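**Student:** In UniProt numbering, the protein residues as written are 1 to 764. Glycine residues also receive a C-beta, built at the ideal position from the N, C-alpha and C atoms. Keep in mind it's a predicted model, so treat the numbers as computed, not measured. Take a look at this one; I'll ask things after.
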């Protein structure tokens, strides 16, 4: 037998060199191919290899076929030369690592700036209003697209002979020659922008910020533009706000102007007491006086500020009437009008100002007509609507009034905006449970209810009150013809409708209408059947009533009432019969939420079912359910959301403190901060509270949050005047007696039923 031909060793898979290409690293070669498997596959192997190229091609084809047959978990085996191959993953001995210098950028800029200051390797001459200097073309082109365009434009326009002013030959590179083009760029490039291009640092102050911003804007340097805007935002304070407003206005920075305006509106009382007030133009002070967002403790302060601005310069007297038109005299009391406003001469002598003052007197002369006489001079100063709750009970009825603070505040330093919180404002004259509410021109009317929790109509009331956020006071209105509880009250047009309910006589089907001009209640068309626990809402100038309890069973009917025809019409019923539920209107559609019913097994239960009624189509649609079933809850609509507050959970056999918000456009529910205490039978309404009420109100926290404030409260010591100097230990009997004495001396007491109005501060 002849000698068996031995197959040649496989070349490197990466560099394709033969095995002996690098004898000095032959021992380091890693053989990762399976020679025996290749010999078996080829059987007799290769007898003669004529050309290395043919061998390479064959080996490549064999390697590709083996790769496709290799099991997924088997490692790839390759033969490489670690000395000359840089294939990562082929061999851990030759794996490359990436490095990046954190100091390279700063070092590069530092040395480029040194070269510029020494006029070394500068290839561009920049001409400015104050002279010129040499720079590096590439640096300016990198930081300013506008500068790059300017250089490209001038480069194309120049003659080639004029461009090639000098040639520099580099040693050891022959015969190559590099030419450096010297040309002049005529732009305004202040020194501070040039320094920023080379150092990434810039110093900005109020004196130069306008020049820096305009230059950076012209040269398209967004980094400097951002720093200018950031600087102006941080300089908004009582000393600089008007200067920032002036600069931002000339630079066209509308977002900065809005921030400054917001700052001035929030601090207008402080500004009005300083000389800054006199620096305002008529257009500026008029806009601030006209705004709903100006935060002042009293409208009289705004009047005095306007008067001081007019007196500062005699030429401003021509603006007296126009500026007084921005003051809301209806928000002042009659006493303030008489003792302060009327004492100003032009308010008596100027015909238009005198007429405005007379209208304010007439507004206060007929309190019951105030909701019908609303205009720009009587509108409450607030642009944010709140969720308010009145009354309700856990074990006993309460007269507590709360509102959910949804007021947007400026950004905080930590970037975190606190969640909305419940705050307390003026208490109602009496404690009530299951009372009803309706809002008319931002006046809240509260009517009926009961003074006991488990009276089932035996403790029904007929009295009612009206709350005015302008003066932060309650006013008694005429009582209804009948005592009512578990009924609904709706405001439609300029009237109120009290519908059905129950009292000591049982279930009611009568309906009463309240006439504000006469302050009287009269009967209108009654319902066909008596009912209680129903819900009502208004849409398309009609009153809608859904569900209720008929004494025997739960109802699912839907009725509508027209004022013009004084009659009730039957609409398509709900899918689920229910009572003591919520009915709210959003974009002419109504939503029936939660309630109480008898299930098919005959058991009473609370439900979380939500249905939407389309008024135009007379059709009901099921929507996403609430997280928690509830009845006897309060509800209202604020902006683009429905709020459901408190209630009763029969399954849990307890009152609820949870609050949920529903977004009809998204059909989505979310959780909001809890009520301070579990409450059922509370009534909700939507209204705008004046900044005076908001500033004087105090947050009320649930027990879980209030506990964290207890330690702070207990550490407070009472410091007395000179007659009782010294401190008292927290929680001691002496402290308790002293607190009682302070309360007695302050004449703090609950409201009496015979009072017709309540001033803020007596109960806080």
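Need the endpoints of the beta strand (DSSP E) that residue 433 sits in, please.
**Tutor:** Neither: residue 433 is in no beta strand (DSSP E) and is coded neither H nor E.
**Student:** Would residue 431 and residue 398 qualify as a contact pair, given that the criterion is a beta-carbon distance under 8 Å?
**Tutor:** yes
**Student:** Just mark residue 358 as buried or exposed, buried being the case when its beta carbon has 16 or more other beta carbons within 10 Å.
**Tutor:** exposed
**Student:** Exposed or buried, which one is residue 766 when buried takes at least 16 other CB atoms within 10 Å?
**Tutor:** Outside the modelled stretch of the chain, which goes from 1 to 764, sits residue 766, for which no answer is possible.
**Student:** So the alpha helix (DSSP H) residue 302 belongs to, where does it begin and stop?
**Tutor:** Note, residue 302: alpha helix (DSSP H), 299-312.
**Student:** What beta strand (DSSP E) runs, 3 residues minimum, are completely inside the region 587-671?
**Tutor:** 589-593, 596-598, 604-606, 610-614, 619-623, 634-638, 641-645, 659-663
**Student:** Alpha carbon to alpha carbon, how far is residue 217 from residue 233? Give it in angstroms, no decimals.
**Tutor:** 18 Å
**Student:** Give a yes or no on contact between the region 349-369 and the region 656-666, applying the rule of three or more CB pairs nearer than 8 Å.
**Tutor:** no
**Student:** How many angstroms separate the CA atom of residue 274 from the CA atom of residue 285?
**Tutor:** 14 Å
**Student:** At what residues does the beta strand (DSSP E) containing residue 696 begin and finish?
**Tutor:** Counting along the chain, residue 696 falls outside any beta strand (DSSP E), though it belongs to the alpha helix (DSSP H) covering 691-696.
**Student:** With a threshold of 16 other CB atoms inside 10 Å of the CB of residue 506, please say whether the residue is buried or exposed.
**Tutor:** exposed
**Student:** So, is residue 235 buried or exposed, given that buried needs 16 or more other C-beta atoms within 10 angstroms?
**Tutor:** buried
**Student:** Over what stretch of residues does the beta strand (DSSP E) that includes residue 266 continue unbroken?
**Tutor:** No beta strand (DSSP E) holds residue 266; the alpha helix (DSSP H) holding it covers 254-266.
**Student:** Determine the burial state of residue 312: buried for a count of at least 16 other Cβ atoms within 10 Å of its Cβ, exposed for fewer.
**Tutor:** exposed
**Student:** Tell me whether residue 781 is buried or exposed, calling it buried when 16 or more other Cβ atoms sit within 10 Å of its Cβ.
**Tutor:** Here the chain comprises residues numbered 1 to 764, so residue 781 is not present and cannot be evaluated.
**Student:** Taking buried to mean at least 16 other C-beta atoms within 10 Å of its own C-beta, is residue 395 buried or exposed?
**Tutor:** exposed
**Student:** Residue range of the alpha helix (DSSP H) that residue 246 falls in?
**Tutor:** 241-251
**Student:** Would you mind working out which of 340, 587, 654, 458 sits nearest residue 448, comparing C-alpha positions?
**Tutor:** 458
**Student:** Three Cβ pairs or more, each shorter than 8 Å: is that satisfied between the region 365-382 and the region 650-661?
**Tutor:** no
**Student:** For residue 654, collect the residues of the same chain with a Cβ closer than 8 Å to its Cβ; drop the 5 residues on either side in sequence, then sort them by chain order.
**Tutor:** 648, 678
**Student:** What's the C-alpha gap between residue 237 and residue 139?
**Tutor:** Distance between the alpha carbons of residue 237 and residue 139 is about 37 Å.
**Student:** First and last residue of the alpha helix (DSSP H) that includes residue 363?
**Tutor:** Here the alpha helix (DSSP H) through residue 363 covers 351-365.
**Student:** With distances taken from CA atoms, which of 538, 580, 464, 147 is nearest residue 428?
**Tutor:** 464
**Student:** If you compare alpha carbons, which of 345, 673, 143, 570 is closest to residue 405?
**Tutor:** 673
**Student:** Is residue 231 buried or exposed, if buried means 16 or more other CB atoms sit within 10 Å of its CB?
**Tutor:** That one is buried.
**Student:** Name the DSSP bridge partner or partners of residue 506?
**Tutor:** 503
**Student:** For residue 516, does the three-state DSSP call read helix, strand or coil?
**Tutor:** coil
**Student:** Which of the three DSSP states is assigned to residue 225 in this structure?
**Tutor:** helix
**Student:** Which of the three DSSP states, helix, strand or coil, is assigned to residue 370?
**Tutor:** helix
**Student:** Could you tell me if residue 483 is buried or exposed, where buried requires 16 or more neighbouring beta carbons within 10 angstroms of its beta carbon?
**Tutor:** Around the C-beta of residue 483, 16 or more other C-beta atoms lie within 10 Å, and the residue is accordingly described as buried.
**Student:** Express the C-alpha separation of residue 248 and residue 416 in angstroms, rounding to a whole number.
**Tutor:** With a pLDDT of 46 at residue 416, under the threshold of 50, the predicted position of this residue should be treated as unreliable, and no value is reported.
**Student:** Indicate whether the contact test is met: 3 or more Cβ pairs, each with one atom in the region 578-596 and one in the region 553-561, closer than 8 Å.
**Tutor:** For the pair of segments examined, the region 578-596 was found to touch the region 553-561: the number of CB pairs separated by less than 8 Å reaches three.
**Student:** Tell me residue 571's beta-bridge partners as DSSP assigns them.
**Tutor:** 558
**Student:** Could you tell me the boundaries of the beta strand (DSSP E) in which residue 466 lies?
**Tutor:** 464-468
**Student:** Classify residue 111: buried if its beta carbon has 16 or more other beta carbons within 10 angstroms, exposed otherwise.
**Tutor:** exposed
**Student:** From the DSSP secondary-structure annotation, give me the bridge partner or partners of residue 385.
**Tutor:** DSSP, once it has assigned bridges, lists 688 as partnering residue 385.
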